[in-house]
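To keep things clear, I will list the structure first and then write my remarks on it.
Set out below in structure tokens:
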């Protein structure tokens with residue numbers, strides 16, 4: 001019998017044993033703890049684990065936090081993250097820092113076009129609490145891009161670094177929608193929505209947009225825009241009027257951002273880290289990052305399929321639905337702190 005057949009047999013046996021054990025425990029429904037222990041053995045857990053990236057000689061720590069990708073909550077846990085930004089995991093990391101008295105600095109690495117208004121504001125609030133309550137300095141470093149919401153979460157940092165070629169700025173709010181009422185009219189299709197008030201279906205793509213619709217939606221977006229401007233003005237210690245001159249949605253490269261005051265220095269992540277160590281007298285600090293307690297099994301086809309069958313991992317259909325809900329639909333557009341070119 002060749003090696004491939006043995007591998008197939010072993011996988012089949014593992015699958016069979018796991019299914020029997022799981023179904024047995026589920027049918028008895030007596031010991032959920034036991035089932036949880038079995039699942040943890042196979043998949044690991046969502047617990048945050050510390051990983052040393054650069055050893056130091058003191059008990060002081062600098063935590064490297066990474067925001068990679070669009071800032072939305074896709075409904076997955078850290079253990080089942082697809083590799084992009086995972087909001088639940090990131091918020092757990094911030095909570096872990098809050099409970100660790102040895103953390104004396106944060107290096108916030110950002111490579112993001114922005115994202116959802118709520119998640120962006122939630123991150124910013126948590127970072128401000130760490131600065132104020134724990135007196136932890138935050139140095140932000142922008143990689144390829146830190147636009148819109150990506151800049152929003154960086155704005156309050158003690159110091160912001162970017163490379164000359166970083167794309168940043170895009171300060172503002174966007175609410176994208178599509179109106180196909182003209183096409184419907186040509187096809188002889190009429191919108192027969194029944195509503196309690198003229199604005200109940202505001203933003204609908206199946207009827208022409210009215211002037212009142214535009215006024216209400218513009219006021220809604222302008223209100224969020226005002227909060228964005230305030231965050232930048234407070235973080236950068238600038239006048240709101242001056243910020244508004246920069247915040248018409250346009251993008252800047254890193255060099256332009258230094259000239260207009262949105263960024264402090266040109267530098268890569270390693271240079272930002274060295275500056276943090278030097279400025280805050282943390283030269284002996286240990287640099288750490290966070291990971292989940294997931295096992296390698298979860299990344300295999302078998303592990304992923306089993307987790308989905310058990311309902312532990314969201315299906316692809318659920319993931320797509322959650323992402324669509326996060327960014328809005330043509331019938332229900334959402335305001336986003338997102339670079340409009342994405």
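Numbering (the UniProt record's numbering), first residue to last: 1 to 342.
Backbone N, C-alpha and C fix where the C-beta goes; we use that ideal spot for every residue, glycine too.
From a predicted model like this one, the values you see are computed outputs, not experimental measurements.
- In its chain, beyond the 5 residues on either side, no residue has a beta carbon closer than 7 Å to the beta carbon of residue 245.
- Collapsing the DSSP output to three states places residue 235 in a helix.
- Excluding sequence positions up to five before and after residue 280, its CB lies within less than 6 Å of the CB of 105, 137, all in the same chain and listed in chain order.
- Excluding its 5 nearest sequence neighbours in each direction, residue 284 has C-beta neighbours in its own chain below 8 Å: 56, 57, 58, 60, listed in chain order.
- The beta carbon of residue 155 lies closer than 7 Å to those of 231, 232, 235, 236 in the same chain, with the five residues before and after it left out.
- A straight line joining the alpha-carbon of residue 85 with that of residue 186 spans about 42 Å.
- In the DSSP assignment, the residues bridged to residue 168 are 146, 252.
- Judged by beta-carbon spacing, residue 258 lies beyond the 8 Å limit of residue 251, meaning their Cβ atoms are not closer than that value.
- When the Cα atoms are used, residue 172 and residue 219 turn out to be separated by approximately 13 Å.
- Taking C-beta separations shorter than 6 Å and ignoring five residues to either side along the sequence, the partners of residue 108 in its chain run 65, 138, 140, following chain order.
- Under the three-state reduction of DSSP, residue 113 is assigned to coil, being neither helix nor strand.
- Residue pairing by DSSP places residue 161 opposite 141, 265 in a beta bridge.
- Secondary structure at residue 210: coil, using DSSP grouped into helix, strand and coil.
- Judged by pairs of C-beta atoms under 8 Å, the segment 149-166 does not touch the segment 174-184, as fewer than three such pairs exist.
- In this chain, the alpha helix (DSSP H) harbouring residue 243 covers 240-246.
- Looking at the DSSP output, residue 54 shares a beta bridge with 287.
- Per DSSP, the continuous beta strand (DSSP E) segment holding residue 336 begins and ends at 336-338.
- Between the alpha carbons of residue 277 and residue 239 lies a distance of about 30 Å.
- At a Cβ-Cβ threshold of 8 Å, residue 145 and residue 120 do not count as neighbours.
- Around the CB of residue 97, 16 or more other CB atoms lie within 10 Å, so the residue is classed as buried.
- For residue 49, the three-state secondary structure derived from DSSP is strand.
- If you ignore the 5 residues before and after residue 255, its C-beta comes within less than 6 Å of the C-beta of 164, all in its own chain and listed in chain order.
- As the crow flies, the alpha-carbon of residue 124 is around 8 Å from that of residue 152.
- A distance below 7 Å between beta-carbons, with the five flanking residues on each side excluded, links residue 253 to the following residues of its chain, in chain order: 164, 165, 166, 167.
- Residue 148 sits buried, since 16 or more C-beta atoms from the chains shown fall within 10 Å of its C-beta.
- Straight-line spacing of the CA atoms in residue 175 and residue 333 works out to 6 Å.
- Here residue 64 is bridged, per DSSP, to 107.
- Just measuring C-alpha positions, the residue of 269, 264, 224 sitting nearest residue 247 is 224.
- Residue 191 places its beta carbon less than 8 Å from that of residue 206.
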